[in-house]
Structures are given as structure tokens and as C-alpha cells.
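Q: For the sequence shown, the working numbering begins at 13 and goes up steadily by one.
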Amino acid sequence: MTTDTCLKCGSPMGRGEYSCQVCGENEMQDYQMIRNYVRTYPNSNAMQIANATGISVSKILRYIRNGSLSVVDNPSRRGRS
């Protein structure tokens, strides 16, 4: 079996996989933590989520960019400067 190397930790992984099993599980845990936080505090911004969860703002924004998380416009904040 041919293996590739995980870009995050350098561990071997199956060819064509995005990450090794450990990094994949860590990624899923981070994602679930963010989703749970946003369900509880739906009007949070990326900085608030990062401060509460310990997950970097860049990772949160990556989830938004790749479509895993959505940004919802908050009508109560329209028109504020």
C-alpha cells in the first residue's frame, strides 16, 4: 500500500487522503466545538468564537470560506456604524 504524508503532522496516511486519522479527528472535534458554540450563541463573530473555544480565527474563517459554516446577516445590526 502506498502512503502519503499528512501535511499537518507528517504522519503516514493513505494515498489521496486529506489528513491522517488523528488530524482528521482533531479537525472534526474543532468543527463540532464551533458548531455547538454558535448554536448556543448564534450572533457571535469569529473573534468571540475563537476566544471562547481556543480555535484560531483563521481556522474558523477557513470553515466559512469552504462552506462548512455559514454567515447569517443579523437584521438587528443593520444601519449601525
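Every residue, glycine too, gets a C-beta built ideally from N, C-alpha and C.
The structure presented is a predicted model; accordingly, all values stated were derived computationally and were not measured.
#1: Does DSSP classify G28 as helix, strand or coil?
#2: So the alpha helix (DSSP H) G36 belongs to, where does it begin and stop?
#3: Might you give, ordered along the chain, the residues of its own chain that have their beta carbon closer than 8 Å to the beta carbon of I67, omitting 5 neighbours on each side?
#4: Would you kindly check if the distance between the Cβ of Y49 and the Cβ of T65 is under 8 Å?
#5: Let me confirm a value: C21 is counted as buried when at least 16 other C-beta atoms fall within 10 Å, else exposed. Which label applies?
#6: Look at the alpha carbon of M13 and the alpha carbon of V34, and state the distance between them as a whole number of angstroms.
#7: Work out the CA separation of R51 and Y30 for me, nearest whole Å.
A: From the atom records:
#1: Against the sequence shown, residue 28 aligns to sequence position 16. Of the three classes helix, strand and coil, the one that applies to G28 here is coil, per DSSP.
#2: Taking the first residue of the sequence shown as 1, we reach residue 36 at position 24. Its alpha helix (DSSP H) spans residues 33 to 52.
#3: Position 55 of the sequence shown holds residue 67. Its chain contains D42, M45, I46, I61 as the residues whose beta carbon lies nearer than 8 Å to that of I67, once the 5 sequence neighbours on both sides are disregarded; these appear in chain order.
#4: As a first step, residue 65 must be located in the sequence shown, where it is residue number 53. As a first step, residue 49 must be located in the sequence shown, where it is residue number 37. Closer than 8 Å, so yes.
#5: Here residue 21 refers to the residue found at position 9 when the sequence shown is read from its first residue. Burial is judged here by how many other beta carbons sit within 10 angstroms of a residue's own beta carbon; C21 has fewer than 16 and is exposed.
#6: The sequence position of residue 13 within the sequence shown is 1, counting from 1. The sequence position of residue 34 within the sequence shown is 22, counting from 1. Summary for M13: the model assigns pLDDT 48, below 50, so the residue's position carries little reliability; its value from the coordinates is reported in the next sentence. Their Cα atoms are separated by approximately 19 Å.
#7: The count along the sequence shown starts at 1 and reaches residue 30 at position 18. The count along the sequence shown starts at 1 and reaches residue 51 at position 39. Each residue's Cα considered, the two are about 27 Å apart.
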